[in-house]
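So for the sequence shown, the working numbering puts the first residue at 227; every next one is plus one.
Contents: one structure, followed by commentary.
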Amino acid sequence: MSNVISGKELSKTIRAKVKEDVEKLQATYNKVPHLVVVLVGEDPASLSYVTAKERACKRAGMKSTLLRKDASITQAELLTLIHELNDDPDVHGILVQLPIPDHIDENVIIDAIKQEKDVDGFHPLNVAAVHLGTPGILPATPKGIMTMLKSTGVELKGKRALVIGRSNIVGKPVAMLLLKEHATVTIAHSRTQNMGDLAREADILVAAVGRANMVTGDMIKEGAVVIDVGVNRVDDKLVGDVDFEAAKEKAAFITPVPGGVGPMTIASLLENTVECFLMIEGK
Ligand code: GUN
């Protein structure tokens, strides 16, 4: 039987700490961090994510602005907007919600965001920092996952970790962060053979593939820590990549969906916004 790692509860603690930090920043700098979120198009899932991010910012006492742009915006127009936000001293964080329409090159937009305003940690210099293990803004979901892992008290050093998924946003960075903590890391993906065998050896299992219940109970090692990043809609219910009911019988710790990694991503974004503020205002 496992302990459920409640991202909902842990994120409340982080958000309360961020709120305190913001009050201190207001007292010191006479201003608060300002996050600008850019949403291109009408994707309902993206809209609900950015609304949650905005609400969390405001609750933490920060300033937040949502800029909604039509899906027909050109790459040049979006770049102009990014440059304006880069140059605006009142803006400390810029987040362009992904995905953006196909006619715009996502990499060009991400590269254009000033590194110190890159609250997502997606800029190549921040990506490089994760790989080099040097200071930088960590991407929010991997950062939240590491906070959850640390909250269990389980030592990562020397443990076998399996990360299922190789996305730039989650799989690759989380693998690097686990490596930094001296875990022995394997990255699995859609072409991986014998996934079950790899999973059964994993002391730490991070599932980030976006396929409902693809990690079954028989794939979990007794006593493992299981982090489920998946958010999949099945019959109007949200489920993760892990079969939670079966896995919780074997894992020592497991994250639920919803209420697991999701709230931690938002809490980490708030922490990143404070970090960006300090990089800019603390100069
Ligand atoms: N789309 C899905 N996750 C994210 C995220 O963490 N940041 C941004 N900008 N877009 C996303």
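Positions of the beta carbon are idealized from the N, C-alpha and C atoms, including for glycine.
I need the DSSP call for residue i, collapsed to helix, strand or coil.
{"i": "Ala478", "result": "coil"}
{"i": "Thr410", "result": "strand"}
{"i": "Ile395", "result": "coil"}
{"i": "Asn439", "result": "coil"}
{"i": "Val276", "result": "helix"}
{"i": "Leu403", "result": "helix"}
{"i": "Arg281", "result": "helix"}
{"i": "Pro361", "result": "coil"}
{"i": "Glu268", "result": "coil"}
{"i": "Glu310", "result": "helix"}
{"i": "Val334", "result": "helix"}
{"i": "Glu342", "result": "helix"}
{"i": "Leu305", "result": "helix"}
{"i": "Asp550", "result": "Residue coverage of the chain in this structure runs from 227 to 509, which leaves residue 550 outside it and unanswerable."}
Would you kindly report the start and end of the unbroken alpha helix (DSSP H) that includes residue i?
{"i": "Val500", "result": "487-507"}
{"i": "Arg386", "result": "Per DSSP, Arg386 belongs to no alpha helix (DSSP H); it is in the beta strand (DSSP E), 386-390."}
{"i": "Lys463", "result": "Run containing Lys463: none in the alpha helix (DSSP H); it sits in the beta strand (DSSP E), 463-465."}
{"i": "Gly422", "result": "421-426"}
{"i": "His357", "result": "350-358"}
{"i": "Ile371", "result": "366-377"}
{"i": "Leu251", "result": "233-255"}
{"i": "Glu471", "result": "470-473"}
For the beta strand (DSSP E) that residue i lies in, which residues bound it at each end?
{"i": "Ile299", "result": "Premise fails: Ile299 is in no beta strand (DSSP E) and is neither H nor E."}
{"i": "Asn458", "result": "458-460"}
Let me check you understand the geometry: is the CB of residue i closer than 6 Å to at least one non-hydrogen atom of the ligand GUN?
{"i": "Asp346", "result": "yes"}
{"i": "Gln341", "result": "no"}
{"i": "Leu324", "result": "yes"}
{"i": "Leu364", "result": "no"}
{"i": "Leu321", "result": "yes"}
According to the Cβ coordinates, are residue i and residue j closer than 7 Å?
{"i": "Val468", "j": "Val451", "result": "no"}
{"i": "Val457", "j": "Ala434", "result": "no"}
{"i": "Ile320", "j": "Leu311", "result": "yes"}
{"i": "Pro368", "j": "Leu403", "result": "yes"}
{"i": "Val345", "j": "Ala286", "result": "no"}
{"i": "Arg459", "j": "Glu427", "result": "no"}
{"i": "Phe479", "j": "Ser228", "result": "yes"}
{"i": "Val262", "j": "Val317", "result": "yes"}
{"i": "Ile413", "j": "Arg437", "result": "no"}
{"i": "Ala282", "j": "Ile492", "result": "yes"}
{"i": "Val432", "j": "Val400", "result": "yes"}
{"i": "Leu293", "j": "Ala338", "result": "no"}
{"i": "Lys406", "j": "Gly359", "result": "yes"}
{"i": "Leu424", "j": "Leu464", "result": "no"}
{"i": "Thr418", "j": "Pro259", "result": "no"}
{"i": "Leu504", "j": "Ala366", "result": "no"}
{"i": "Gln341", "j": "His349", "result": "yes"}
Tell me, please, which residues DSSP counts as bridged to residue i.
{"i": "Ile453", "result": "Val432"}
{"i": "His329", "result": "Answer is none; His329 lacks a bridge partner."}
{"i": "Lys289", "result": "His260"}
{"i": "Leu321", "result": "Val263"}
{"i": "Val230", "result": "Ile480"}
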